[in-house]
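In case it helps, my numbering puts the sequence shown at residues 65 to 331.
Glycine included, every Cβ here is placed at the ideal spot set by N, Cα and C.
Okay, structure first, notes after.
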Amino acid sequence: MIIGKIIDKENNDLSKRIDKQKVPEHIAIIMDGNGRWATKKGLPRSYGHKRGVSVLKEILKASKKLGCKVLTVYAFSTENWTRPTKEVDFLINLFSEVLRNEIEEINEESTKIKFIGDLTPFPETLKKIISSSESLTKNNNKFLLNVCVNYGGRQEIVKVAKELVLKCCTGEIKPSEVNEELFNSELLTRGIKDPELLIRTSGEKRISNFLLWQLAYSEIYISDVLWPDFNEFEFLKAIIDYQSRNRRFGGIESLSNESNQDSQLPS
Ligand code: IPE
Ligand code: IPE
Ligand code: MG
């Protein structure tokens, strides 16, 4: 592979293998492996996080080029507070710094940025910059970037349950009215279509409390590449793999090219 290009070993341009009609509208990414990337190089873990930011920028650009509309990235989980204070503080400062440096360009590209998660424990400086970035970009409509910080899927589900119980108690809704649609309308991702594709880097085969409700029928692509080494080439590989999947949603494969012989149940 030629570094920085989207050409494979056989000199094929991967972008030519993408079916533009089948590009996922919403892609979710668990950006994992920053620490291991740095450790392997004998560097502090923070270098991996820093490098991870440039990769996110590249993938954001690639998503737009592809025609995807929404990217939801996992930047800090509710469980990541258990890491050493030094690393947590570094990440919090990094979020502020990146937002400060990038928000202008994000806005110029008509991208809306939204932070998903419980922002309460973060320092005022970060909360302020998040709020000003969200309001600056709130009317942008070309692309939506959701950044999940202090996010946990279970916590989100419990929060929705609490809100619905409260509405039942005050008589705003009846318990019999609780359904998937109502539940969806209370999620932090309300109004956003569920991701068609989840990408996790670094080879880990778990969800780690990410979008538990929303990923119910997403296709999962695991890349062995550590996030700081991930790039447009690897991203296109994920899209090509996604496009080869047969999404059945509990039904059966489409029989469009076959005779109708199986449509009758045996008597
Ligand atoms: C993902 O990389 C970034 C965050 C969770 C903030 P990690 O920091 O988890 O890196 P590894 O998995 O330890 O290599
Ligand atoms: C998931 O990665 C969270 C983020 C990428 C922000 P982790 O590294 O925290 O997940 P585990 O510990 O491997 O499950
Ligand atoms: Mg990790």
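Selection 329, 126, 191 and 100 evaluated against residue 207 yields 126 as nearest (Cα-Cα). Judged by DSSP in its simplified three-state form, residue 193 adopts helix.
Residue environment: residue 264 is assigned as buried (16 or more neighbouring CB atoms within 10 Å of its CB, all protein chains considered). With fewer than 16 other CB atoms across the displayed protein chains lying within 10 angstroms of its CB, residue 149 is exposed.
Every residue with a CB closer than 7 Å to a heavy atom of ligand 2 is listed here in chain order: 94, 95, 96, 138, 139, 140, 141, 143, 144, 268, 270, 272 and 274. Between the beta-carbon of residue 152 and that of residue 145 there is about 6 Å, and that keeps the pair under the 8 Å contact cut. Excluding its 5 nearest sequence neighbours in each direction, residue 300 has C-beta neighbours in its own chain below 7 Å: 70, 78, 79 and 82, listed in chain order. In this structure, 89 is the residue among 273, 89 and 270 with its C-alpha nearest to the C-alpha of residue 307.
For residue 285, same chain residues with a beta-carbon under 8 Å away, outside a window of 5 residues either side, are 261, 262, 263, 264, 302, 305 and 306 in chain order.
In the structure shown, residue 237 falls within a coil segment according to DSSP collapsed to helix, strand and coil.
Along the segment 272-321, the alpha helix (DSSP H) occurs as fully enclosed runs of 4 or more residues at 296-307, listed in sequence order.
The beta-carbon separation of residue 178 and residue 198, rounded to 6 Å, stays under the 8 Å limit for a contact. Assigned with DSSP and collapsed to three states, residue 214 falls in strand. Straight-line measurement puts the Cα of residue 121 at about 18 Å from the Cα of residue 266. Within the segment 107-171, the complete alpha helix (DSSP H) runs of at least 4 residues fall at 109-130.
Contact check for residue 160 against residue 190 passes: the beta carbons are separated by less than 9 Å. Straight across, the Cα-Cα distance linking residue 209 with residue 114 is about 19 Å. Counting the other Cβ atoms within 10 Å of the Cβ of residue 270 gives fewer than 16, which makes it exposed.
Residue 263 carries a strand assignment under DSSP once its states are collapsed to helix, strand and coil. In the displayed model, residue 104 falls within a helix according to three-state DSSP.
Relative to the non-hydrogen atoms of ligand 3, the Cβ of residue 160 never comes closer than 8 Å to any of them. Residue 232 and residue 112 have their C-alpha atoms some 47 Å from each other. Per DSSP, residue 179 is not a residue of any alpha helix (DSSP H); the beta strand (DSSP E) it occupies stretches across 175-180.
Residue range 244-250 is occupied by the alpha helix (DSSP H) that includes residue 247.
It is roughly 12 Å from the alpha-carbon of residue 215 to the alpha-carbon of residue 185. The DSSP-derived three-state label of residue 230 is helix.
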